[in-house]
Every structure is written in C-alpha cells, then in structure tokens.
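Position 225, counted from 1, in the sequence shown is what the working numbering calls 406; the numbers after and before it change by one each time, with no gaps. Every residue, glycine too, gets a C-beta built ideally from N, C-alpha and C. Just so it is clear, the structure is predicted and the values come from calculations on it, not from any experiment.
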Amino acid sequence: NLNFFGIGGELMIKNGLNSLEDMEDLAVIGFTAALFKYRKLKGIAKKLVQKVGELNCKYIILVDYPGFNLALAKMLREKYKDIKVIFYVSPQIWAWRYKRIFKIKKLVDLMLLLFPFEKEIYDKHEIPNVVVGHPLVNQIKEKFESGKEITFPEGTDEIICLMPGSRSGEIRRLFIPLLDSAVILFNEYKKKNKNIIFLVPGISSKEESYILDNINLYKTNNPGLHISYEFQNSAKCIEKSKLVLLASGTATLEVAYFKKPMVIIYKGNPMSFYLGMKLLDIPYVGLVNILSRKFICKELLQKDCTPEKITDEALLLLNDNNYYNEMVENLSTVKDGLGKGDSSILAAEAILKLISFG
C-alpha cells in the first residue's frame, strides 16, 4: 500500500492525500509577498520535515513551487540521508537562475519534465529525468468534453474571450482594463453595424461576485454590450473565440492548445516586477513566448497594460489576416511540445520504477 501525506488542494485530498496545511498558505506571488510570509512558510517546512521522520517516509514528491520545495528538499536531505526526492515540474532554470541546476543535482533523485527541450539540460548535468509532458493537456481535453455548450444570438460577428487570471490579486488588477478594452472594441464594431460578444470563463469562485458585479455594471453603462459569464467553462470559451485577451500564466498554454491568437497582459507589484525582470535571463514573460524562444504573442506589462494598448493589439489581430495566421502557426508548434495528454500516467510510471528499482 502507498500512503500519501503533505500539502495539497481539493483534488489531491479527494484522492487520498492527508493534507497537513491549507494549500492557499503556499500561494505567494512575487518577492515582497514571499518576504511577508517567510516565517509562516519556514514553519510549514519544519512541520513537514518532522512529520517525514515520524512516519518514516521513504519518498518525497515535490510539485512545482521551486523556492519552497528546493529549500524543503535541502532540509530533508540534511536530516534523512537515504530519502529519495522526486521533483515534478522543473524550476524554470532556462529562464532565470540557471545555477540552480547544481543545487538540483545535489538534492533531486528524479526530475519529471514537462517540456522536451528541458531534457538536454538535465542530461548534460547527468541528473536522472523523464519527459512526461504537460498535465494541462489532459485537463483541457476533460474540460472540453464535460463543458457546457455555448450558444450565441443570430448575427454574432465576432467572439472574444477575456481571462483575467485565477488568483484574487490578478483578477482585481486586470479585469477592469479588460472590460474597458471590451467597451472600446464594442463601440468600434457598433460603428460598422457588427455584433461582438465577450466570454468570461470564471475560474475563481472566491471572486465570482466581484466579476459578476462588474460585468453587470459595464452592461448597464453600455447598452447593447454583450458579456457572457461562463463559470468553469474555459475550454469551450477559448475554442469558440477568435481571440483571447488574458493574464500571463499557465492559461496561455490552454489557449495555445486551441491555437487561438492572444494578447498577454500582466500588472503586479512594481518592486516585485522590477526585481523579477532583473533576474530573468530572457526577455519574455508569457509562457508561449518562453517556450518559443521568441515573441510570438504581444506582452503588455505594467504601465503598458492599458485598455487602449490591449485594444490596439486586438484590432491588429482581428484586421490583419497574415499576422493572425502567423500566430496560429507558431502556436501550433507550442501545442506539439505540450505532449499527448498522458503526463500523469508517465509520471506515475517513472515514480513506481524508482520505487521498485531505486
């Protein structure tokens, strides 16, 4: 029998994880936020290390979150020499702080990789690794199959998806600029006697009232503006849309899966953003651009994240077929690199092989 304990979200708990802490306590974005939570995070790490000893754990599976998890791996390795450390989702060493590879070599027994190009890095440093692909692919397929069909009024000329993110902070920073952009686009289309519809695939139930209140306010202030809120139906929303305006993050890969052109936006704490950009070894923030190693989608960050600039890029994509089709072609390459949707099976097989053969 395998018994699991640690820290996880709802789905992991439903599938048998004994979670010691609330997953939300680890949800920290940016350097300044991390500094404020440092003592709490250190306390959680110490509690986990102690529990590993009490339960005589043989294997630890660390998922993403490299700042916390690499520190935890170091604490575990120092106290329990024989423990096997499996890391699922490589830190983005190809984007910033490449020298972490040497720490990983000392601490990690098996690295499970999301992207094929990462393998070359780990092979070079002789770190055991397996490319499993991105778990998002299977999630997207399941969401699309189970998603509610969306119907549109007769005479709909264009459909655009607005995705302000999943975390409370980013939703409250980005949703208003997206709504303002939607109003500008609505008025542009109205001049041409064309109908444009906006879809908002809600993800965060915590911010649902904030999103709905603002949608209703904007619809009241702009008669004829059509914004449809589709809770937990992102796959259908993206697939139905001509274009997606969205927050930087993993959602950009979901959009890439459907090969839909996008405008990537981000606005955060100025100090955290400044420090983050200083540390980056690459000029990109959006994952689709990082994976492509070039700007295939426009990034509007910080002071450039304005309704006017979002609208300008959206109109360029909507009106320039060559530009639009070139982005579709580039996104097709990104999609191919995400894998076939069997990442969880491949990850489980790699872990079981380590358990069986050491």
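Proximity winner among the options, relative to residue i (alpha-carbon distances)
i, options, result
"residue 249", "499, 224 and 526", "224"
"residue 279", "528, 501, 535 and 462", "462"
"residue 332", "221, 316, 400 and 379", "379"
"residue 290", "239, 451, 324 and 497", "239"
"residue 329", "520, 444 and 413", "413"
"residue 403", "535, 288, 371 and 511", "371"
"residue 349", "503, 183, 509 and 205", "205"
"residue 374", "336, 382, 298 and 393", "336"
"residue 356", "383, 512, 324 and 532", "383"
"residue 191", "203, 326, 183 and 182", "203"
"residue 510", "478, 317 and 521", "478"
"residue 474", "298, 501 and 483", "298"
"residue 344", "419, 394 and 324", "419"
"residue 532", "293, 185, 286 and 187", "293"
"residue 435", "185, 453 and 316", "316"
Expected contact under 8 Å - CB spacing of residue i and residue j to nearest Å
i, j, result
"residue 487", "residue 358", "7 Å"
"residue 429", "residue 447", "4 Å"
"residue 385", "residue 347", "5 Å"
"residue 489", "residue 445", "In fact, because the Cβ distance is near 16 Å, the residues do not count as touching under 8 Å."
"residue 229", "residue 270", "About 18 Å; that fails the 8 Å criterion."
Proximity test, residue i beta-carbon vs the ligand ADP heavy atom, cut-off 8 Å
i, result
"residue 518", "Ligands in the displayed structure: none, and consequently the ligand ADP is not present."
Cβ shell of residue i (< 7 Å), same chain only, five flanking positions each side left out
i, result
"residue 284", "251"
"residue 288", "251, 254, 255, 258 and 266"
"residue 433", "427, 443, 445, 467, 468 and 469"
"residue 247", "272"
"residue 277", "460, 461 and 462"
"residue 472", "296, 515 and 518"
"residue 492", "362, 365 and 366"
Residue i versus residue j: straight-line alpha-carbon distance, rounded
i, j, result
"residue 314", "residue 361", "37 Å"
"residue 221", "residue 196", "26 Å"
"residue 275", "residue 405", "47 Å"
"residue 302", "residue 227", "31 Å"
"residue 321", "residue 417", "10 Å"
"residue 189", "residue 503", "44 Å"
"residue 523", "residue 351", "30 Å"
"residue 508", "residue 242", "37 Å"
"residue 183", "residue 311", "22 Å"
"residue 476", "residue 465", "7 Å"
"residue 273", "residue 494", "28 Å"
"residue 268", "residue 200", "18 Å"
"residue 245", "residue 483", "26 Å"
"residue 318", "residue 325", "11 Å"
"residue 449", "residue 485", "12 Å"
"residue 501", "residue 300", "37 Å"
"residue 307", "residue 281", "14 Å"
Close-in-space but distant-in-sequence residues of the same chain around residue i (CB under 6 Å, 5 per side omitted)
i, result
"residue 499", "none"
"residue 535", "291"
"residue 369", "none"
"residue 186", "199"
"residue 520", "314, 315 and 318"
"residue 512", "437 and 440"
8 Å CB neighbourhood of residue i in its chain, flanking five on each side removed
i, result
"residue 353", "388 and 391"
"residue 334", "376, 378 and 407"
"residue 264", "233, 238, 239, 240, 241, 257 and 258"
"residue 431", "317 and 468"
"residue 304", "310"
"residue 451", "483"
Any C-beta of chain B under 9 Å from that of residue i
i, result
"residue 522", "Considering every chain present, this structure includes no chain B. It has just one protein chain."
Query raised in the report: Is the segment 426 to 445 touching the segment 506 to 521, taking contact as three or more C-beta pairs under 8 Å?
Result: yes
Query raised in the report: Looking at C-beta atoms only, is the number of pairs between the segment 452 to 459 and the segment 360 to 369 that lie closer than 8 Å three or more?
Result: no
Query raised in the report: Are the segment 255 to 262 and the segment 230 to 245 touching, with three or more C-beta to C-beta distances below 8 Å?
Result: yes
Report task. Could you tell me whether the segment 525 to 532 touches the segment 398 to 417, using the rule of 3 or more Cβ pairs below 8 Å? Result -> no
Report task. Give a yes or no on contact between the segment 328 to 345 and the segment 416 to 423, applying the rule of three or more CB pairs nearer than 8 Å. Result -> yes
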